[in-house]
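Heads up: the structure comes next, in structure tokens.
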Amino acid sequence: MVDGENVVATRLVLHLNGRETACEAAPDRPLLGVLREALQLTGTKYGCGEGQCGACTVLLDGRAVRSCTLTVGEVAGRTLTTIEGLASAEALHPVQQAFLDTEALQCGYCTAGMILATVALLQEHPQPTEAQILEALDSHLCRCGTYHRILRAVRRAAELLGAAR
Amino acid sequence: MTEDLLHEACDALYLPSLRRRGFLQAAGGLAVLCAVGPALGQADDPRRAEVGTWLRIDHDGSITVYSGKIECGQNIRTTLAQIVAEELAVDPTSLTLVLGDTDLVPWDAGTFGSQTTPRMMPILRDAAAAARAALLDLAAARWQVPATGLRLAAGQVREVGGPRQIGLGELVAGHQLLRRVGQAPATAPSDWRVAGQPQRKANGRDIVTGQQRYPSDIVRPGLLYGAVLRPPGWGAELTAVDLAPAQALPGVTAVRQGNFVGVAAPDSAAAAAALAALRPHWRPAAAAREAELWATLRPAPAATLQRNNVAAGLAQAAVTAASSYRVAYIAHVPLEPRAAVAEWSDGKLTVWTGTQRPFGVQQELQQAFGLTTAQVRVIQPDVGSGYGGKHTGEAALEAARLAQAAGRPVKVCWTREEEFQWAYARPAGVIDVLSGAAADGRLVAFEQHNHNSGPAGLKPPYAIEAQHTEFHRADSPLRQGSYRGLAGCANFFARESHLDELAHALRLDPLALRLRNTTDGRLRGVLEAAAERFGWAQTPPAGHGYGIACGYEKLSWVATCAEVTVRDGRIVVERLVTAFDCGAVINPDTVRNQIQGMHVQALGGALFEALHFADQQITNRWLSQYRVPRLRDIVPEEIVLLDRRDQPSVGAGETPLMAVAPAIANALFRATGQRLRDLPLRLPQ
Ligand code: FES
Ligand code: FES
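This is the structure in structure tokens:
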């Protein structure tokens, strides 16, 4: 199939949410489109397409990245986690639980990106400082303005994760 | 009880429409309490008085509530459930709310103007109260006992002090009761147990796990992805385009209807490539110039100044003031841009789309395609917010056109650029205010004219005998429309800034001036509550200023205090305190969440948001070019909710936005002596 600049679709294998997942896509396609369309993982959202809002955040080898500015070719063979892959069968991830506990959402459209960015942040800094939180989340847009609650959710998640360790 | 008669009436009236409700038949058509038909007509349809229009109980005891309102983050899926659950004594999380589906819910004008709580909530509450009475009567008849000895609890009718109990599902099996909304009294807010409490978001778990399907997430079998060719600017006319290069691409359908050109393709990248293959010719429209904006919106100061008895009032004034304020065009920037999936089947069009007016979009589609109401179904999945920016059905129309041409379902998702450029803006405006006061601060004359931005919030909340307010339409160069709070932000900004100017001229404390002119007890209530929590009486730290603003709009009262300073040439808001009175509070956590969000959103309009344009285009049409409030912008805040259990509940999603900008402008004046009269507030460099 023809795609973008006439790059022919190839078969790519993604390590996605703990599973080997094959898809047909032109390697230069933004990962976001492939996740949402070819793989029907619509939990990852489009908000700006230029790395400015964080709605499309996924974890790549454990780090928070923007799937709208990465191509699917760049991530082939590496480990990807989307919001759908975060909870285990039995329980929510502590960060998901923390967002629920603090009701850190209104429309919820930014929430998946916020949660994944928080997971990556707390992996690196289990007890993040204000500055570290700001660095991780300032480029995530919540237009509903739930930032105060998101800060609370991050702290609550740090507690939950600390208790689980 | 004439149950059989009622039953018959119910059948005769409603069975035809019941048949249209597919899932009702799946439930067997039995076991339905008060089931009536969907797609009720306009506001005067007599069926709106029937309980079953709004509520049904299935044989498994499950309760479903129907409303034409939509969920866009304001949390009505939760708060409306609380109100119904209160009457039926069930867990609110056990209810299913069907919202904004034109085939299933009663007609509704739309979700805007803070109408859900004052208008929809009482209907559902009274419907649920009538259903409760009906359930008790059913059990009373079954057991041959007086209904007064029965009560509802945990999804059952129970005999008080007796052994008998029965689940709602079993109780209603085989019955269809017709009750009228309002036939039984609802629970008084003073007796609330479920309402009036914080309640977790109904679908929160789906959201945090990524399972929630927003309009842009809808997938249908055989789905194609659509994209629309946009003109180089507003008003441009398509003079020629050859569709062949797009049509030649595999799996692509290209359509032209007048100025509309769009493509449908197997994925969004292929759709973008198909558009890129086109070489359209456009004839641009004459371009409006931003430099001429203010003169366009207000060609001359309103000739009606000093109408009514305002001139006479002014003549007695010790001090008079006249000033003019301006607010910029701003964008809603809902994080989910416009999106729609359209599907045609057997002449019927179904569209899933993000809109605050599903029935309005249904009508747009009917008109565009010459269809009847029954031939168009609009389904509004909970949407990635709107803030007044999603009243229209652009993406729905585009997807429907493409789906018709392609013969398959088509999804159209607007890009952020399209959302900035082709949606509508919050109107810009020029607002003139003129007033006079006696030496003691009593307002003796007041006049306010809003040019272009709107009449909402224009009437002052103060007791002023000689007053005149007026809205003047203008020719807006930008497409403009509704925005959270409508013109409330603009008119509050002008009036409350102006009052501060008057207070300064009178050498009066801004709070004292407001209180002197306040006879409304609830306005006084929020003013005093905000001032007290803020510590208004204290002297601000050196270089800091305090500001206050207040008002009444959409049936609620608000007052905001701000502390402001200037650091490195930038306006810094140190803290915000808002007191809010929206009557009896149904879900205090939701109201707090809303006010917190509005504190943040208001900062954008107050300090940096503004759309710019040239050559018939928005020039800052990407998020990288349009500054919105970020995490780093949040300020310490406090919120005081005046939970008035003696007053009707009203909406809480708009009014708290309105007093923030003027409170900041007023505080900035106290801090620096600079009076800024334009939003966004910008210090002269
Ligand atoms: S969509 Fe990727 S950052 Fe906004
Ligand atoms: S909750 Fe709506 S954008 Fe964050």
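Protein chains in written order, with the working numbering: chain A, 1 to 165; chain B, 1001 to 1685. C-beta atoms are modelled at their ideal positions from N, C-alpha and C, and glycine is treated no differently. It should be emphasised that the depicted structure is a prediction, and the values quoted were computed from it without experimental measurement.
- The C-beta of B:Pro1636 has fewer than 16 other C-beta atoms within 10 Å across all chains shown, which makes the residue exposed.
- When DSSP states are grouped into helix, strand and coil, B:Thr1469 belongs to the strand group.
- With respect to A:Thr71, A:Gly51 sits apart: the two C-beta atoms are not nearer than 8 Å.
- Here the alpha carbons of B:Cys1489 and B:Val1558 stand approximately 12 Å from one another.
- Inter-residue distance for B:Thr1578 and B:His1391 is about 29 Å (C-alpha atoms, whole angstroms).
- Assignment of beta strand (DSSP E) within the stretch 1507-1562 of chain B, counting only whole runs of 3 or more residues, yields 1545-1553 in chain order.
- Cβ-Cβ distances below 6 Å link B:Ala1503 to Pro1510, Leu1513 in the same chain, with the five nearest sequence neighbours on each side left out; the list follows chain order.
- B:Thr1079: member of the alpha helix (DSSP H) spanning 1076-1088, first to last residue.
- With a cut-off of 7 Å, the C-beta of A:Gln106 is classified as near ligand 2, since at least one heavy atom of the ligand falls inside that distance.
- Taking 7 Å as the cut-off between beta carbons, the residues of the stretch 1267-1288 of chain B near chain A are Asp1267, Ser1268, Ala1269, Ala1270, Ala1273, in sequence order.
- Between ligand 1 and the CB of B:Gln1625, the shortest heavy atom gap is not smaller than 7 Å.
- Scanning B:Val1160, B:Ala1273, B:Arg1479, B:Arg1682 for the CA closest to the CA of B:Gly1235 turns up B:Arg1479.
- Among the residues of chain A, those whose CB is under 8 Å from the CB of B:Cys1413 are Tyr46, following chain order.
- The Cβ atoms of B:Ser1216 and A:Tyr46 sit closer than 8 Å to each other.
- Within the stretch 1603-1673 of chain B, the beta strand (DSSP E) runs of at least 3 residues that lie entirely inside it are, in chain order, 1637-1641.
- It is roughly 32 Å from the alpha-carbon of B:Gln1421 to the alpha-carbon of B:Asp1206.
- Closest by C-alpha distance to A:Thr146, out of B:Val1600, B:Trp1622, B:Leu1642, B:Pro1684, is B:Val1600.
- Proximity of chain A to B:Ser1062 at the Cβ level (cut-off 9 Å) is not reached, the minimal Cβ distance being about 24 Å.
- Taking one beta carbon from each stretch, the stretch 1125-1140 of chain B and the stretch 1084-1104 of chain B have 3 or more pairs nearer than 8 Å; the two touch.
- Interface with chain A (8 Å Cβ-Cβ cutoff): B:Gln1601 is included.
- For the 8 Å CB-CB criterion, B:Thr1078 and B:Thr1590 form a contact.
- Within the stretch 1198-1217 of chain B, Pro1198, Arg1200, Lys1201, Asn1203, Gly1204, Arg1205, Asp1206, Ile1207, Val1208, Thr1209, Gly1210, Gln1211, Gln1212, Arg1213, Tyr1214, Ser1216, Asp1217 place their CB atoms closer than 9 Å to a CB of chain A, listed in sequence order.
- Listed as beta-bridge partners of B:Trp1352 by DSSP are B:Val1341, B:Ile1379.
- In chain order, the residues that have a beta carbon nearer than 6 Å to some heavy atom of ligand 1 are A:Tyr46, A:Gly47, A:Cys48, A:Gly49, A:Gly51, A:Gln52, A:Cys53, A:Gly54, A:Ala55, A:Cys56, A:Arg66, A:Cys68.
- Shown in chain order are the members of the stretch 1047-1076 of chain B whose Cβ falls below 9 Å from a Cβ of chain A: Glu1071, Cys1072, Gly1073, Gln1074, Asn1075.
- B:Gly1454 sits away from B:Leu1508, with the two beta carbons spaced by 8 Å or more.
- Separation of the CB atoms of B:Thr1102 and B:Pro1358 is rounded to 5 Å, and the pair is thereby assigned contact status at 8 Å.
- Interface with chain A (8 Å Cβ-Cβ cutoff): B:Tyr1424 is excluded.
- Closest in C-alpha terms to B:Met1121, from the list B:Leu1138, B:Pro1381, B:Gly1651, B:Leu1681, comes B:Gly1651.
- In the structure shown, B:Glu1170 adopts helical secondary structure according to DSSP, grouped into three states.
- Listed along chain B, the residues sitting closer than 8 Å to A:Arg149 by beta-carbon distance are Asn1593, Gln1596.
- Using a CB distance below 9 Å, the part of the stretch 1374-1404 of chain B facing chain A consists of Asp1382, Val1383, Gly1384, Ser1385, Gly1386, Tyr1387, ordered along the chain.
- One finds nothing in chain B with a Cβ atom closer than 7 Å to the Cβ of A:Ala157; even the nearest lies about 11 Å away.
- Unbroken alpha helix (DSSP H) stretches of 4 residues or longer found wholly inside the stretch 109-136 of chain A: 111-124, given in chain order.
- Taken through DSSP and simplified to helix, strand or coil, B:Phe1369 comes out as helix.
- Here B:Cys1489 carries a helix assignment [DSSP, helix/strand/coil].
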